[in-house]
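In the numbering used here, the protein residues as written are 26 to 121.
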């Protein structure tokens, strides 16, 4: 069904466990790599699941090198709590 949203494969933040328990106040940038098939289309949303023991504030997500689009930006500005504290994943939509 072409009207149903497509969900890609999960990608994981590899360096999170290497961080000290208390990260300094301020912005921190992380890179996550994942494969996006050209037939997938332009992502309209990202699903975020926090598998860490502490919450974090997610300011933005920017996908680069998206086929047919270039950059796709998601303005999140929201706390993301550990997955064991709630029954749903966080979904953030792209700014067009």
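Note that beta-carbon positions come from the ideal geometry of N, C-alpha and C, so glycine has one too.
Just so you know, these numbers come straight off a predicted model, no measurement behind them.
- Around residue 93, the same chain offers 67 as residues with beta carbons nearer than 7 Å, after the five sequence neighbours per side are excluded.
- Residue 96: member of the beta strand (DSSP E) spanning 95–105, first to last residue.
- Here residue 99 is buried. Its C-beta has 16 or more other C-beta atoms within 10 Å.
- With respect to the C-alpha of residue 58, the residue from 118, 109, 117 and 91 having the closest C-alpha is 91.
- In this chain, the beta strand (DSSP E) harbouring residue 84 covers 81–91.
- For residue 119, the three-state secondary structure derived from DSSP is coil.
- Distance from residue 69 to residue 118 at the Cβ level is roughly 6 Å; contact confirmed, criterion being Cβ atoms closer than 8 Å.
- Comparing alpha carbon positions, the residue from 55, 65, 78 and 86 closest to residue 31 is 65.
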